[in-house]
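Taken in order, these protein sequences are the chains called D and W.
All the letters of the first sequence, read from the start, carry residue numbers 3 to 200 under the numbering used here.
All the letters of the second sequence, read from the start, carry residue numbers 923 to 1222 under the numbering used here.
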Amino acid sequence: MTAPIPTSKRKYDLNFARWVRDNVAGGDKMNMCMQCGTCSGSCPIGTEMEDGPRKLFMMIRAGMKEEVLSSNSMWECTSCYRCVVRCPRGVPVTYLMQGLAALAAKEGYAPKVENNYFSKFFWMSASKLGKTDERLVPTAYYFSFGFVEGIKRSLANLKIALNMFKAGRMHIGMPHKIRDTKGLQAILAKAREIEDRS
Amino acid sequence: MSKKKMTYYPGCSSQGSGRHLDESIRAILPDLGVDIVDIDDWNCCGASVGNIGGGPLPNLALTGRNLAKAQEEGNQDIVTGCAACYLNTHGGNEKIKEDVKKRKQINEALAEADLSYDEDLDVHHVMEVIVNDIGMEKVEELSTNKLKGLKVAGWVGCQTVRPFAETETGGKYATYEDPTFLDEITEAVGAEVTDFAPKTNCCGGSVAVMKPEKTLHLMKTILDAAVESGADVVSTPCPLCQTNLEMYQDAINKEYGTDYNMPVVFPSQLIAVAMGKDKEKDAGLQRQTIRSQKLEDMAK
Ligand code: SF4
Ligand code: SF4
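Structure below.
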């Protein structure tokens, strides 16, 4: 059983640091971080992050649960893996960023974050159809901001869509899917069940 | 060299934005000595957001199913052309191979569809196969229609080489900071390498798809350098890099007052053209939304 996340309302709660260490994949390696800043300095999108990986890891070590889980940093990560290959201490930074994003989503901290919507729609397509439909995911995602915003964002991309269509890189009609969608869904449901119980 | 046989994982982009990557890979590999057979009824790899959207184990189960289906083809090696497919499938495969408990969990899930993965297959990126198994000499030898005078900026991007290209299981075929294989391919097909520094820069990946406004500056840096280097085309192995850099040029021009119109192609397309293959059916040049007249004029 995954231990429940500490719920203390204290600003600094070391139980949170321990919890992340034990429950987020790669969390045990976070202790290796020596705060050199190579990761944040290498990050292509660091300017868009409120904290950046180095600071985020220190905040975790200080037990700042609220600030960590409501940070936008892990949601901006492009998964470029530059931090991973450059970290002199072997900290799996990108994987930690993904794990923290998943945790924040699970704990309900990120309902309004755009990347969270996108991940959800992406997973919906991948798990139901077995394939990602490059039309469905962005469209569902655009409309998650409401109807007007959905139309606005879709129109902004209309020219792109038309070009892609003309080049034969976007199709009309039913989404692609695998033959054995049933089998895949059964596999994924089982995997979820195993993850929840272990 | 006797022919190698590998199992091919096309990935979702092969049926959409990255069709020309898929078509050109299929066109060149057999002649280069690698016969491929598709994973039957393959599924999505989970890309970079599957972990967040679905959770770690369900996301790994996507790869588990592909590996189980690949095992049925009977080849030791799996090859894929997509950076994200490679990252997830190779990374997931190594995790399953070294972690007995993970493998047990995955097999318990796979049993729901009467599947199992109990072999130790190897997953490769097509660039790794070209460098390690095929070799540049072979590419050069088969490039009879040399792309003389075409200036190419080689842009590797991220996930093709990070985080695996320098590792033992990743084939140790390139460095993270200064990979040279794209330039070697450019030379092998008889084209000219331009002096292009941001070769491992990030385009923004899926964040560029979600929030282009936050990543336009990343792509502008790449375009600035490509134009300054005098390139006719940018060559990149990654389908998301190719699509992002191509489709956001209008938005970049609008935002920054530039007038970029830089074609972005795959190295496998350059090889296909140099091998004298059909420019549409094999090289997929008609699938560029920004076309390179110079390259098309060289194609058969
Ligand atoms: S590069 Fe590694 S050691 Fe340095 S701050 Fe980042 S995680 Fe810590
Ligand atoms: S993987 Fe994420 S955190 Fe690491 S450098 Fe790239 S964008 Fe930044």
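Even glycine gets a Cβ: it sits at the ideal position worked out from N, Cα and C.
Contact note: P1085(W) reaches chain D through Y83, V86, V87 and T96, using a C-beta cutoff of 8 angstroms and chain order. According to the DSSP assignment, K927(W) belongs to the beta strand (DSSP E) that extends over K926 to Y931. When C-beta atoms of the region 1191 to 1198 of chain W are compared with those of the region 1054 to 1074 of chain W, three or more pairs fall below 8 angstroms, so the two segments count as touching. In summary, V1129(W) is buried, with 16 or more beta-carbon neighbours lying within 10 Å of its beta-carbon over all protein chains present.
Every alpha helix (DSSP H) stretch that sits fully inside the region 925 to 970 of chain W and reaches 4 residues is listed by chain position as 941 to 950. Counting only Cβ-Cβ distances below 8 angstroms, M1169(W) has contacts in chain D at I162, N165 and M166, in chain order. In this structure, DSSP gives T1002(W) an extended state, which the three-state scheme calls strand. The criterion of a C-beta distance shorter than 7 angstroms is not satisfied by G977(W) and E52(D). Excluding residues up to 5 positions away in sequence, Q1027 lie with their Cβ nearer than 7 angstroms to the Cβ of L979(W) in the same chain. C934(W) and T134(D) do touch by the CB rule: their CB atoms are close to 4 angstroms apart, below 8 angstroms.
Closest in C-alpha terms to E1150(W), from the list I1052(W), A1031(W) and M1184(W), comes M1184(W). In this chain, the beta strand (DSSP E) harbouring K1073(W) covers K1073 to G1076.
Distances between the C-beta of M1184(W) and the heavy atoms of ligand 2 are all 6 angstroms or more.
For a Cβ distance threshold of 7 angstroms, residue set D963 and A1035 of chain W lies close to D182(D), ordered along the chain.
Counting every other CB atom within 10 Å of its CB across the protein chains shown gives A1087(W) a total of 16 or more, marking it as buried. Taking CB atoms only, R1209(W) has a neighbour in chain D less than 7 angstroms away.
Segment contact: the region 1039 to 1052 of chain W against the region 996 to 1006 of chain W, three or more CB-CB distances shorter than 8 angstroms; contact assigned. A residue is called buried when at least 16 other Cβ atoms come within 10 angstroms of its Cβ; Q37(D) does not meet this threshold and is exposed. By the criterion of at least three beta-carbon pairs nearer than 8 angstroms, the region 174 to 190 of chain D is in contact with the region 981 to 990 of chain W. Annotated three-state conformation of V1155(W) is strand, per DSSP.
If you compare the alpha carbons of Y119(D), G110(D), D30(D) and P6(D) with that of V95(D), the shortest gap goes to D30(D). Close CB contacts of T1143(W) within its chain, under the 8 angstroms cut and outside five residues either way in sequence, are with P1120 and N1123 (chain order).
For L951(W), the CB contacts under 6 angstroms within the same chain, skipping 5 residues up- and downstream, are I958 in chain order. Taking CB atoms only, P978(W) has a neighbour in chain D less than 7 angstroms away. Listed in chain order, the positions of the region 1136 to 1161 of chain W with a beta carbon within less than 8 angstroms of a beta carbon of chain D are K1136, T1137 and L1140. According to DSSP, residue pairing for D1044(W) in a beta bridge involves D999(W). The region 59 to 79 of chain D makes no contact with the region 1049 to 1068 of chain W, as fewer than three CB pairs between them are under 8 angstroms. I1018(W) is outside the set of residues whose beta carbon lies under 7 angstroms from a beta carbon in chain D. For M172(D), the chain W residues whose C-beta falls within less than 9 angstroms of its own C-beta are G938 and S939, listed in chain order.
Residue contact check for N973(W) against chain D: a CB pair falls below 7 angstroms. For the beta strand (DSSP E) assignment, the uninterrupted runs of no fewer than 3 residues enclosed by the region 1119 to 1168 of chain W are, from N- to C-terminal side, 1155 to 1157. For G1092(W), no alpha helix (DSSP H) run applies, since DSSP gives it neither H nor E.
Setting aside the 5 residues that flank it on each side, P932(W) is surrounded in the same chain by D944, each with a C-beta closer than 6 angstroms to its C-beta; the list follows chain order.
Here DSSP, grouped into helix, strand and coil, assigns E1114(W) to strand.
Taking C-beta atoms as the reference points, L1138(W) and I1174(W) count as a pair closer than 7 angstroms.
Chain D places a beta carbon closer than 7 angstroms to that of C1080(W), counting this residue as a contact.
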